[in-house]
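Enquirer:
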Amino acid sequence: MKKLLKVIMQGEPFAVQSQKAESGQVMKCNIVLQELGGKYEDTYVAAMLGQLASCKFYTGELVYAVLRFQTREYNGQMFQDILAVELVKINA
Numbered sequence: 000m001k002k003l004l005k006v007i008m009q010g011e012p013f014a015v016q017s018q019k020a021e022s023g024q025v026m027k028c029n030i031v032l033q034e035l036g037g038k039y040e041d042t043y044v045a046a047m048l049g050q051l052a053s054c055k056f057y058t059g060e061l062v063y064a065v066l067r068f069q070t071r072e073y074n075g076q077m078f079q080d081i082l083a084v085e086l087v088k089i090n091a
């Protein structure tokens, strides 16, 4: 999904184990993004990985977001992950 969204909040980056990273660890940070319109618009909690996790976004900033949605089954339950592939600040 590619969309213009508003930043609600961003957590602090932390290291997680990754088999894909050379060092065995990758930085991760969660960000809460909301569609434009009103305070009850759809909201997404997305993970930012690697260098993107070190970028700082502030509450109220507008960003162009590219989000990837993935679902997986585990023990008979379905889980959905949202990954922020790209976030670009929009100067308003």
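When we follow numbering that gives the first Met the number 0, the leftmost residue of the sequence shown carries the number 0, and every step to the right adds one.
Glycine included, every Cβ here is placed at the ideal spot set by N, Cα and C.
#1: Using the Cβ count rule (16 or more neighbours within 10 Å means buried), how would you classify A83?
#2: With the cut-off set at 8 Å, would you say F68 and M0 are in Cβ contact?
#3: May I ask which residues mark the beginning and end of the beta strand (DSSP E) holding K1?
#4: Considering only the beta carbon of each residue, do L86 and A64 sit closer than 8 Å?
#5: Rounded to a whole number of angstroms, what is the C-alpha to C-alpha distance between N90 and G10?
Expert: Let me spell this out:
#1: One-based indexing of the sequence shown puts residue 83 at position 84. Within a 10 Å sphere around the beta-carbon of A83 sit 16 or more other beta-carbons, which makes this residue buried.
#2: As a working mapping, residue 68 is identified with position 69 in the sequence shown. As a working mapping, residue 0 is identified with position 1 in the sequence shown. Cβ atoms of F68 and M0: closer than 8 Å.
#3: The residue you call residue 1 lines up with position 2 of the sequence shown. Run containing K1: K1 to Q9, per the beta strand (DSSP E) assignment.
#4: Looking up residue 86 in the sequence shown gives position 87. Looking up residue 64 in the sequence shown gives position 65. One thing to note: L86 has its Cβ within 8 Å of the Cβ of A64.
#5: Taking the first residue of the sequence shown as 1, we reach residue 90 at position 91. Taking the first residue of the sequence shown as 1, we reach residue 10 at position 11. If I take the Cα positions, the gap works out to 22 Å.
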